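Below: one structure, written as structure tokens.
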């Protein structure tokens, strides 16, 4: 009786030790994934809020090398101990049990060890790996804060072994010609992915997500992509008489217009419609030159953010855009920048038409003036980083390598583009249809 009781207690102890080793492996797996998956920005916010363990978690996340080596040592050591212990203790006990019930020794030994190793492996994968990692992914920052202090102490205790592992790893990398690089910068795609996840989770509104995407596009656009081109501007000739000026201001659909001295490249400045109206209401002669204002001039090589900075420093809401030869190319306003961030306004579209409409068959009817990067997002195509065009019309001209005619078709990147309408030599409407695979 006493011997049977001692044997039962010994078996229970062996099982508890094996289960403890599996749990310990799970703790290492949980800690590793929690720290690696934690976002440093959120950890920094937790540090500022005084969250316990946040500073230690941030230290591990910023320098994960020693921590990962420590975790790897722990997982490897636990795995070796669990395998050796289960094989020697539990495997032997199960073999003796099979022998006792009449199974041949040649079969009892592999059967006993096989069943124990299979069970330990199954539990190690489920309890020691998968379950902890799923838990870590649900709240990586919170779990990282909880486990970081203990892991830092363990890293310090294992420092000599960790140093040996790190040095050996670095030596092998150098032998293979691989150099340890700096931490990769966060890409635009990663930021868009995070924002999209936040929008799907309801953390931010859809309109906010669209505006964040617009701000990111703004940094990649040149001022030419957001300006009103010269061909679409009703310019004023300083030599016009008062009747011509009154007629022009009466028909003008904008709040300001550039003034030239007979040559459209020789822009004298801009005139605000409000200044002209004030002179008329005061029954004064419409003296154009007295209300001309000097507008800031921007080269067409600057990006849209540079244009925004210029407009912020200017008392006028308009800037003139010129090319490298000083020729007048167009003008950009604060409203143009807002349009690029928040999306098109109804009054900005040609005759109130939207820049892109998806049809029932999945094809897109696209306005030629639509920004090329917005078109690329709708069609899920990739544009070259360096390109000589800013609009959908420019994209098509680059494909055709000539001025197309209505009905011309070109295919590229899995899409078929048809010129639906031309406005003189300018592409006005494009039909984009996906090519069937």
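In the numbering used here, the protein residues as written are 50 to 486. Even glycine gets a Cβ: it sits at the ideal position worked out from N, Cα and C. All values reported here derive from a predicted model rather than from experimental measurement.
{"Asked": "Minimum length 4: unbroken alpha helix (DSSP H) runs contained in the stretch 381 to 439", "Found": "383 to 391 and 421 to 428"}
{"Asked": "CB of residue 79 within 8 angstroms of CB of residue 197, strictly", "Found": "no"}
{"Asked": "N-terminal and C-terminal residue of the beta strand (DSSP E) that residue 480 is part of", "Found": "475 to 483"}
{"Asked": "Length of the line joining the Cα atoms of residue 201 and residue 105", "Found": "7 angstroms"}
{"Asked": "As assigned by DSSP and simplified to three states, the class of residue 338", "Found": "helix"}
{"Asked": "Whether residue 480 touches residue 467 by CB criterion (8 angstroms)", "Found": "yes"}
{"Asked": "Environment of residue 95 [buried if 16+ CB atoms lie within 10 Å]", "Found": "buried"}
{"Asked": "Cβ-based burial, residue 416 [other Cβ within 10 Å; buried from 16]", "Found": "buried"}
{"Asked": "Nonlocal neighbours in the same chain, by C-beta distance under 6 angstroms from residue 351, ignoring five residues either side", "Found": "272"}
{"Asked": "Buried versus exposed, by CB contacts within 10 Å (16 or more), residue 65", "Found": "exposed"}
{"Asked": "Cβ pair residue 341, residue 355 closer than 8 angstroms", "Found": "no"}
{"Asked": "Inter-residue Cα distance where the pair is residue 296 and residue 324", "Found": "15 angstroms"}
{"Asked": "Start-to-end residues for the beta strand (DSSP E) that takes in residue 461", "Found": "458 to 461"}
{"Asked": "Residue 108, enclosing beta strand (DSSP E) - first and last residue", "Found": "It is not in any beta strand (DSSP E) - residue 108 instead sits in the alpha helix (DSSP H) that spans 103 to 111."}
{"Asked": "Endpoints, the alpha helix (DSSP H) within which residue 264 is located", "Found": "255 to 269"}
{"Asked": "Burial state of residue 385 (16 or more Cβ within 10 Å)", "Found": "buried"}
{"Asked": "Residues that DSSP places opposite residue 278 in a beta bridge", "Found": "379"}
{"Asked": "For residue 404 and residue 457, the rounded distance between their alpha carbons", "Found": "20 angstroms"}
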